[in-house]
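There are 2 protein chains.
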Amino acid sequence: MAENLQDKAHELAKALRESDEFQALQALHEEVEEDDVASRMLSNFRKVQLDLQDKQMQGEQPTEEEISQAQKQFEMVQQHDVISRLMEEEQRMSTVIGDMNKIITEPLESLYGTPEDEQNQ
Amino acid sequence: MAENLQDKAHELAKALRESDEFQALQALHEEVEEDDVASRMLSNFRKVQLDLQDKQMQGEQPTEEEISQAQKQFEMVQQHDVISRLMEEEQRMSTVIGDMNKIITEPLESLYGTPEDEQNQ
Ligand SMILES: [Ca+2]
Ligand SMILES: [Ca+2]
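Chain order of the listed sequences is A and B.
Per UniProt numbering, residue 1 is the first one in the first sequence, and the count goes up by one each step.
Per UniProt numbering, residue 1 is the first one in the second sequence, and the count goes up by one each step.
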C-alpha cells in the first residue's frame with residue numbers, strides 16, 4: 001500500500017480513537033470489566049448470541065428453548081445500567097463506522113455504482 | 001460523526017482515489033467500457049456469478065449445467081487481455097481495502113481483541 005494511503009489510514013484510526021464515541025465506549029468497557037457480575041452477564045449473553053448465529057449460519061433452526069433463553073438474557077442485559085449503556089454506545093459506534101465506510105468507499109462506488117443505482121437501471 | 005473524523009475519512013478517500021491502484025483500476029474500467037465485446041462479456045460473467053451467489057445464499061444447489069457455464073465463462077474472461085488485467089487489478093484493490101480496514105479498526109480491536117486473540121484464550 002502506498003505510504004500516503006497508509007498515513008491517512010493511521011490518521012483516521014487516531015481520530016477514531018480520540019472521538020467521543022470511542023472514548024465513551026472504552027470507558028464503559030472498563031466499567032464492565034471492573035464489575036464481576038456485569039462482566040459475567042455480558043459474556044454469557046455474547047456466548048448465547050454467538051451460538052445462535054453459528055446455528056443460523058449452518059442452516060440449523062434454534063429450538064424454542066434456546067430462543068426464549070436468548071430473549072430472557074437480552075431482557076436482563078437491557079435492564080443492567082452499565083451494560084445497556086455499553087450496548088447503546090456500540091450502536092452509536094456502529095453508525096460511525098458505517099458513515100466512515102460510506103465516505104472511504106466513495107471512489108469505488110463511482111466505478112461500480114451504488115446498490116441504489118443498480119436498482120434504478 | 002465528529003467533524004475531525006469526517007475530514008480524515010475524506011482525506012483517506014482522496015488518497016485512495018489518487019493511488020496507483022485506483023488509477024489503474026479506473027483506466028481499465030474505461031478501457032472495458034469503450035470495448036463493446038469486452039463490456040458485454042464482463043457483464044454476462046458478473047450476472048452468472050451473481051446468480052450463483054444468490055442461489056447459494058438461499059441454500060439452493062446450483063445445477064451441473066450452471067457450474068460448467070460459470071467455469072466456461074471464467075476461462076473466457078481470463079483469456080481476455082483487458083478483462084483479465086481488470087480482475088487482477090480488482091484483486092490488488094481488494095488487498096488495499098483490506099489493509100486499510102485493518103489499520104482503521106485497530107482501535108476497536110484493542111477493545112474487543114482480534115479473532116486470533118479469541119482463539120488463544
Ligand atoms: Ca462515559
Ligand atoms: Ca493502467
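Where is the CB? At the ideal position from N, CA and C, for every residue including glycine.
What you are looking at is a predicted structure, and each value in this text was computed from that prediction instead of being measured.
Using 8 Å as the threshold, is the C-beta distance between residue i and residue j below it?
i	j	result
residue 13(B)	residue 103(A)	yes
residue 107(B)	residue 16(A)	yes
residue 25(A)	residue 32(A)	no
residue 83(A)	residue 9(A)	no
residue 21(A)	residue 92(A)	yes
residue 73(B)	residue 48(B)	yes
residue 45(B)	residue 96(B)	no
Say whether chain A places a C-beta atom closer than 8 Å to the C-beta of residue i.
i	result
residue 8(B)	yes
residue 119(B)	Confidence in residue 119(B) is poor, its pLDDT being 46 and thus under 50, which makes the residue's placement unreliable; the coordinate value appears in the next sentence. No, no contact with chain A.
residue 58(B)	no
residue 85(B)	no
residue 77(B)	no
Check whether chain B comes within 8 Å of residue i, counting only Cβ atoms and requiring the distance to be less than that.
i	result
residue 39(A)	no
residue 80(A)	no
residue 35(A)	no
residue 48(A)	no
Tell me, to the nearest whole angstrom, how far the beta carbon of residue i is from that of residue j; I am working on the premise that it is less than 8 Å.
i	j	result
residue 100(B)	residue 5(A)	7 Å
residue 59(A)	residue 59(B)	6 Å
Please list the terminal residues of the continuous alpha helix (DSSP H) segment that includes residue i.
i	result
residue 122(B)	There is simply no residue 122(B) to check, as chain B begins at 1 and stops at 121 in what is shown.
residue 29(A)	20-33
residue 98(A)	81-104
Return yes when at least one heavy atom of ligand 3 lies under 7 Å from the C-beta of residue i, else no.
i	result
residue 106(A)	As presented, the structure is devoid of ligand 3, carrying ligand 1 and ligand 2 as its sole ligands.
Could you check whether the segment 41-55 of chain B touches the segment 63-82 of chain B, counting it as contact only if at least three pairs of C-beta atoms, one from each stretch, sit closer than 8 Å? yes
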